[in-house]
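Visitor: All residue numbers for the sequence shown refer to this note's numbering, where the first residue is 1000 and numbers rise by one.
Just so you know, even glycine gets a beta-carbon here, dropped at the ideal spot from N, CA and C.
Got a structure here, written out as structure tokens. Questions coming.
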Amino acid sequence: MKPKILVLGGTGFVGAETIRRLLERGYGVRATRRATSPMWHVESLDVEWVELDLDQSDSLVGAFKGCAGVIHAAGFHPTDGLAIAQARSTGVRQMRHVLDACAGQGVRRVVFVSSAVTLGSAQQNDLRDETDFYAPGEVDDALFEAKYSIESELYRYISQDFEIVIALPSQIYGPGDVKPGSGQFIVRLVRGHVPLLVGERINVVDVRDVASSLVAALERGRSGRRYILGGVNTDAETFANMVCEQAAVAAPKIRLPNAVVRGGARGLEMLGQHLGGRLPARLVDIDVAIHGGHLDCARAEGELGHSSRALSATIEDSLAWFSRFGYLNT
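Quick look at the structure:
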């Protein structure tokens, strides 16, 4: 058997699928979960589970012992787009806890699942690649600022001889989105809860293709190197229409200027901080849609063998999974 790999965020959308790919490749797997994490979708996997809180550095030490490498799929992902300073602080603190625990156990090889938002805001006709970087303050949103700050912190450890490979997945869909995360857009579309569309050009990738390439990044990715794990370059309207056509529901037709939608989402989020409750649209999701764009995955394709399946297949499998487990019930 190949050596044991630690997967941080093992019950999450990306983490669970990555565990499956590692097991298929013959690795032993230890994976982390939070005390409140659902387990029903991963109970059949032959994994050593460890309960862990990335905010509690003392809880991390034992999880890393005896592991040859780490795939970190539990990077901080703020849902409150307004709390920028707090998001930066939390994200960097958690990353330091992880990498310091690695150092304490002699684990030097880490694949970190970052985000394509660290490529910065797309211009109208840009095809972005790994040489593009987010500029601090470019988007007034906690998600963008936190992901940038976390990724910046990695380079301090890389300079200390850590082997850290940085994966930049685009918008991830596919079966197994338990929470759901990005898949919430599909669920809301089918249930008729998306009254209008926002954003233009997007890139959509299947979680199974991301997971395969994360294992490849662990095996042969170059330290300090960023790899875009993208899929199909398309646009928000085409994607929504494909989902609705396969689900046999009406697609949303209303389009409003991005600034109007963003302003409304920001206002609702400010109101929600006082009233509580789940918002119909989060600012972070609106900003990801607005500032998305088309991506060039040539580096990952050439160095990791990254490939992506047809968008129609990803949508079909997403709908089948959500339907099977009752997510689409109105």
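For residue 1304, which residues from the same chain have a beta carbon less than 7 Å from its beta carbon, with the 5 sequence-adjacent residues on both sides left out?
Guide: The beta carbon of residue 1304 lies closer than 7 Å to those of 1215 in the same chain, with the five residues before and after it left out.
Visitor: Using DSSP with H/G/I as helix, E/B as strand and the rest coil, what is residue 964?
Guide: No answer is possible for residue 964: the residues shown for the chain start at 1000 and end at 1329.
Visitor: Terminal residues of the continuous beta strand (DSSP E) containing residue 1111?
Guide: First-last of the beta strand (DSSP E) with residue 1111: 1108–1112.
Visitor: Return yes when the Cβ of residue 1027 is within less than 7 Å of the Cβ of residue 1003, no when it is not.
Guide: yes
Visitor: If you compare alpha carbons, which of 1090, 1086, 1081 and 1065 is closest to residue 1074?
Guide: It is 1090.
Visitor: Pick from 1018, 1059, 1051 and 1067: whose alpha carbon is nearest that of residue 1044?
Guide: 1018
Visitor: Sort 1021, 1283 and 1110 by Cα distance to residue 1086 and report the nearest one.
Guide: Of the listed residues, the one whose Cα sits closest to residue 1086 is 1283.
Visitor: Using 10 angstroms around the beta-carbon of residue 1170, count the other beta-carbons present and answer buried if the total reaches 16, otherwise exposed.
Guide: buried
Visitor: Mapping the DSSP letters down to three states, classify residue 1239 as helix, strand or coil.
Guide: helix
Visitor: Under 8 Å Cβ to Cβ from residue 1063, same chain only, skipping five residues before and after it: list those, please.
Guide: 1005, 1069, 1100, 1101, 1103, 1104 and 1106
Visitor: In its own chain, which residues sit with a C-beta less than 6 Å from the C-beta of residue 1157, not counting the 5 before and 5 after it?
Guide: 1163 and 1223
Visitor: Residues in its own chain within less than 7 Å of residue 1148 by CB, not counting five upstream and five downstream?
Guide: 1087, 1090 and 1091
Visitor: Beta-carbon within less than 7 Å of residue 1037's beta-carbon, same chain only, minus the 5 sequence neighbours each way: which residues are those?
Guide: 1010 and 1177
Visitor: Beta-carbon within less than 7 Å of residue 1015's beta-carbon, same chain only, minus the 5 sequence neighbours each way: which residues are those?
Guide: 1009, 1040, 1041 and 1175
Visitor: Less than 7 Å separating the beta-carbons of residue 1202 and residue 1182?
Guide: no
Visitor: Near residue 1118, which residues of its chain fall below 6 Å by C-beta distance, leaving aside the five closest residues on each side in sequence?
Guide: 1127 and 1131
Visitor: Quick check on this structure: which residue in 1287, 1029, 1189 and 1308 has the alpha carbon closest to the alpha carbon of residue 1244?
Guide: 1189
Visitor: For residue 1287 and residue 1035, what's the separation of their Cα atoms in angstroms?
Guide: 27 Å
Visitor: Which residue comes first and which comes last in the alpha helix (DSSP H) that contains residue 1281?
Guide: From DSSP, residue 1281 is part of no alpha helix (DSSP H); its letter is neither H nor E.
Visitor: Which class does residue 1150 belong to by DSSP, given the choice of helix, strand or coil?
Guide: In this structure, DSSP gives residue 1150 a helical state, which the three-state scheme calls helix.
Visitor: Alpha carbon to alpha carbon, how far is residue 1065 from residue 1029?
Guide: 10 Å
Visitor: Nearest-angstrom Cα distance between residue 1048 and residue 1264?
Guide: 38 Å
Visitor: Residue 1213 lies in the alpha helix (DSSP H); which residues open and close that run?
Guide: 1206–1219
Visitor: Which residues mark the beginning and the end of the beta strand (DSSP E) in which residue 1170 is found?
Guide: 1170–1172
Visitor: Are the segment 1197–1213 and the segment 1300–1316 touching, with three or more C-beta to C-beta distances below 8 Å?
Guide: yes
Visitor: When you compare the CB positions of residue 1053 and residue 1093, do they come within less than 7 Å of one another, or not?
Guide: yes
Visitor: At 4 residues or longer, and completely inside the segment 1001–1079: list those alpha helix (DSSP H) runs for me, N to C.
Guide: 1012–1023 and 1060–1063
Visitor: Just confirm the distance between the C-beta atoms of residue 1256 and residue 1194, as a whole number of angstroms; I'd bet it's less than 8 Å.
Guide: Contact flag wrong, Cβ pair sits at about 15 Å.
Visitor: Which one or two residues does DSSP pair with residue 1202 in a beta bridge?
Guide: 1232
Visitor: Counting only the same chain and skipping the five closest in sequence on each side, list residues whose C-beta sits under 6 Å from that of residue 1152.
Guide: 1091 and 1094
Visitor: So residue 1204 and residue 1321 are in contact, right, with Cβ under 8 Å, and what is the actual spacing, rounded?
Guide: Actually they are not in contact, since the Cβ atoms of residue 1204 and residue 1321 sit about 18 Å apart, beyond 8 Å.
Visitor: Could you tell me if residue 1197 is buried or exposed, where buried requires 16 or more neighbouring beta carbons within 10 angstroms of its beta carbon?
Guide: buried
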